[in-house]
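Residue numbers (the UniProt record's numbering): 1 to 358.
In structure tokens:
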């Protein structure tokens with residue numbers, strides 16, 4: 001969550017067929033020549049029912065996701081939770097519940113939520129959904145019911161390219177140690193532990209944390225502090241490419257706007273911050289390393305304006321997402337699917353490959 005302007009903004013979609021036959025009902029096309037993220041999918045004929053098409057073309061959508069990182073379905077008028085849930089079920093069986101919560105969201109219907117309830121003035125930095133969990137969603141879905149008058153985009157960044165952009169000496173320590181995520185749950189700043197874990201029972205929280213490799217520290221006033229060490233990167237389970245997949249940058253206090261970070265440190269001290277990160281051994285991440293990390297994310301950031309009825313599908317390992325600040329009403333729904341365990345993500349052990357085209 002920083003105040004900087006995005007590095008690149010994309011023009012309106014340009015029609016250019018990149019695969020598929022003329023007999024198909026859905027055409028995949030680039031946003032602009034040479035740009036690979038996201039790939040757009042449009043109906044080739046009027047009246048295409050997206051969920052029905054996806055049910056019989058799941059493998060084709062997966063292929064596009066593995067190649068590009070995200071698919072933007074445009075022109076299918078997905079504007080209700082029911083329509084969104086139908087596509088999720090067609091592509092990923094069913095939407096997941098939101099567990100070990102870190103962002104304020106409102107439940108809309110079943111496991112469909114608002115994308116975030118953060119104030120419109122706040123920019124949300126690039127991140128991969130729930131990468132700090134031992135099991136994370138492999139698929140993310142965002143449906144635009146009402147685009148904002150100004151801003152409100154959902155920027156994306158290719159995590160393969162972020163990995164390759166980082167200097168080897170920066171990657172090395174994270175690859176060796178991972179990173180430590182420390183979280184303080186409170187009633188005023190950040191989510192309470194009752195909201196985050198969806199229970200009032202301390203024993204349930206402790207059981208979840210024990211299963212998830214999270215250290216628990218109960219503090220005075222029924223407050224909770226947790227500490228967990230997580231990996232920072234891995235090989236995509238299908239493509240085999242190295243991906244930078246973590247919350248080390250997102251949750252570091254220095255990624256907040258400078259006035260907010262300074263105020264939090266002055267009022268709370270580092271130990272009591274709602275969220276903060278360290279190297280895996282608990283030592284501080286140097287300011288210059290944090291600057292390098294943020295610069296790598298922002299250099300790869302791309303974005304497009306939302307249109308009513310858009311549905312964005314993301315491979316959570318291949319693409320980070322964010323939210324721009326905005327003006328005017330905005331309603332974007334979110335869903336998560338395909339739970340995938342970190343234990344099945346192979347570690348990065350060899351030299352990075354050449355960057356993907358685009």
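Cβ coordinates follow ideal geometry from the N, Cα and C atoms, glycine included.
#### Entry: Nearest-angstrom Cα separation, counted from residue 291 out to residue 300
Taking the chain shown and counting its residues from 1, the one referred to as residue 300 is at position 300. Taking the chain shown and counting its residues from 1, the one referred to as residue 291 is at position 291. Roughly 15 angstroms separates the two Cα atoms.
### Message
Once DSSP output is grouped into helix, strand and coil, what is the label at residue 159?
### Response
Along the chain shown, read from residue 1 onward, the residue named residue 159 stands at position 159. DSSP places residue 159 in helix when its eight states are reduced to three.
### Query
To which residues of the same chain is residue 194 closer than 8 angstroms at the C-beta, ignoring the five residues directly before and after it?
Walking along the chain shown from the start, residue 194 turns up at place 194. Here the set comprises 200.
### residue 61 and residue 48 closer than 8 angstroms at C-beta
Locating residue 61 in the chain shown gives position 61, where the first residue counts as 1. Locating residue 48 in the chain shown gives position 48, where the first residue counts as 1. Result no, Cβ atoms of residue 61 and residue 48 do not sit closer than 8 angstroms.
### Message
Can you look up residue 175 in the DSSP assignment and give me helix, strand or coil?
### Response
In the chain shown, the residue the question calls residue 175 occupies position 175. Three-state DSSP puts residue 175 in a helix.
#### Entry: Euclidean distance between Cα positions of residue 178 and residue 81
Looking up residue 178 in the chain shown gives position 178. Looking up residue 81 in the chain shown gives position 81. Near 37 angstroms, if we compare the C-alpha coordinates of residue 81 and residue 178.
### Query
Between the Cα of residue 27 and the Cα atoms of 35, 33 and 40, which residue gives the shortest distance?
Here residue 27 corresponds to residue number 27 of the chain shown, with the count starting at 1. Comparing Cα positions, the closest option is 40.
### Query
So, helix, strand or coil for residue 344, using DSSP?
Taking the first residue of the chain shown as position 1, residue 344 is located at position 344. Taken through DSSP and simplified to helix, strand or coil, residue 344 comes out as helix.
### Query
Using 8 angstroms as the threshold, is the region 121-139 in touch with the region 336-347, meaning 3 or more CB pairs across them?
yes
### Task
Take residue 69 and list the residues in its own chain whose beta-carbon comes closer than 6 angstroms to its own, dropping the five residues that flank it on each side.
Taking the first residue of the chain shown as position 1, residue 69 is located at position 69. Same-chain partners within the cutoff: 37, 158, 315, 318 and 319.
#### Entry: Exposure of residue 372, with buried meaning 16 or more beta-carbon neighbours within 10 Å
Outside the modelled stretch of the chain, which goes from 1 to 358, sits residue 372, for which no answer is possible.
### Query
Opposite residue 321 in the DSSP bridges: which residues?
What you label residue 321 is simply residue 321 of the chain shown in a count that begins at 1. Its beta-bridge partners are 127 and 156.
### Message
Can you tell me whether residue 85 is buried or exposed? The criterion is at least 16 other CB atoms within 10 Å of its CB, across all chains shown.
### Response
As a working mapping, residue 85 is identified with position 85 in the chain shown. With 16 or more Cβ atoms within 10 Å of its Cβ, residue 85 is classed as buried.
### Task
Could you pull the start and end residues of the beta strand (DSSP E) that residue 113 belongs to?
Here residue 113 is taken as the residue at index 113 of the chain shown, counted from 1. 112-114 is the extent of the beta strand (DSSP E) around residue 113.
### Spatial neighbours of residue 245 in its chain, beta-carbon cut-off 7 angstroms, leaving aside the 5 residues before and after
On the chain shown, position 245 is the one that residue 245 refers to. Spatial neighbours of residue 245 in its own chain (CB-CB distance under 7 angstroms, excluding positions within 5 residues in sequence) are listed in chain order as 128, 131, 159, 233, 234 and 317.
### Query
Quick one: what's residue 275 bridged to in DSSP?
Indexing the chain shown from 1 puts residue 275 at position 275. 183.
### Query
For residue 206, which beta-bridge partners are listed by DSSP?
As a first step, residue 206 must be located in the chain shown, where it is residue number 206. According to DSSP, residue 206 bridges with nothing at all.
#### Entry: DSSP state of residue 67 mapped onto helix, strand, coil
Counting from one through the chain shown, the residue named residue 67 turns up at place 67. In the structure shown, residue 67 sits in a helix (DSSP, three-state: H, G or I).
### Query
What's the gap between the Cα of residue 334 and the Cα of residue 142?
For this step, residue 334 is matched to residue 334 along the chain shown. For this step, residue 142 is matched to residue 142 along the chain shown. So the two alpha carbons sit approximately 5 angstroms from each other.
### Message
Can you look up residue 339 in the DSSP assignment and give me helix, strand or coil?
### Response
Taking the first residue of the chain shown as 1, we reach residue 339 at position 339. Strand at residue 339.
### Member of 174, 170, 112 and 348 whose CA lies at the smallest distance from the CA of residue 242
Here residue 242 refers to the residue found at position 242 when the chain shown is read from its first residue. Taking only the C-alpha atoms, the option nearest residue 242 is 348.
### Message
Helix, strand or coil for residue 333? Go by DSSP, reduced to three states.
### Response
The sequence position of residue 333 within the chain shown is 333, counting from 1. Of the three classes helix, strand and coil, the one that applies to residue 333 here is strand, per DSSP.
#### Entry: Where the beta strand (DSSP E) through residue 291 begins and ends
To locate residue 291, count along the chain shown from 1; it is residue 291. Run containing residue 291: none in the beta strand (DSSP E); it sits in the alpha helix (DSSP H), 287-299.
### Task
Just tell me which of 295, 327 and 337 has its CA closest to the CA of residue 126.
As a working note, residue 126 is residue 126 in the chain shown. The shortest Cα separation from residue 126 among 295, 327 and 337 belongs to 295.
### Message
Considering Cα atoms alone, identify which of 91, 33 and 279 is closest to residue 59.
### Response
The residue given as residue 59 occupies position 59 in the chain shown. Closest by alpha carbon: 91.
### Query
Is it right to say residue 275 is buried, meaning 16 or more other beta carbons lie within 10 angstroms of its own, or is it exposed?
Residue numbering aside, residue 275 sits at position 275 when the chain shown is read from its first letter. Flag for residue 275 reads buried.
### Message
Our contact map puts residue 87 next to residue 44 with C-beta atoms below 8 angstroms; I'd like the distance itself, whole angstroms only.
### Response
Your numbering for residue 87 matches position 87 in the chain shown. Your numbering for residue 44 matches position 44 in the chain shown. With 8 angstroms as the limit, residue 87 and residue 44 do not qualify as a contact, their Cβ atoms being about 18 angstroms apart.
#### Entry: Check whether residue 447 and residue 323 have beta carbons under 8 angstroms apart
Outside the displayed span of the chain (1 to 358) sits residue 447, for which this structure offers no information.
#### Entry: Limits of the unbroken alpha helix (DSSP H) element including residue 268
In the chain shown, the residue the question calls residue 268 occupies position 268. Segment 258-268, the alpha helix (DSSP H) holding residue 268.
### Query
What span of residues does the alpha helix (DSSP H) with residue 89 cover, start to end?
Residue 89 sits at position 89 when you count from the first residue of the chain shown. Its alpha helix (DSSP H) spans residues 81-92.
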